[in-house]
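Here the structure is laid out as structure tokens; the discussion comes afterwards.
In the working numbering, the protein residues as written are 2 to 42.
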């Protein structure tokens, strides 16, 4: 449990982390599509 204290674990941190990752991936995919001029399906 001592190691976990360094990770700043809070009740909602996992949910927020997943939301942030999802938004980050969406942005990256969007920018990638725009930069490579791939058709948007």
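Where is the CB? At the ideal position from N, CA and C, for every residue including glycine. All values derive from a computational prediction rather than experimental measurement.
Within the same chain, show all residues whose beta-carbon is closer than 8 angstroms to that of residue i, passing over the 5 residues directly before and after it, in chain order.
i          : result
residue 17 : none
For the alpha helix (DSSP H) containing residue i, name the first residue and the last one.
i          : result
residue 38 : Premise fails: residue 38 is in no alpha helix (DSSP H) and is neither H nor E.
Taking only the alpha-carbon atoms, compute the straight-line gap between residue i and residue j and give it to the nearest angstrom.
i          : j          : result
residue 23 : residue 29 : 10 angstroms
residue 27 : residue 19 : 12 angstroms
residue 25 : residue 15 : 15 angstroms
residue 38 : residue 31 : 10 angstroms
Considering only residues of the same chain and omitting the five flanking positions on each side of residue i, which have a CB-CB separation below 6 angstroms?
i          : result
residue 36 : none
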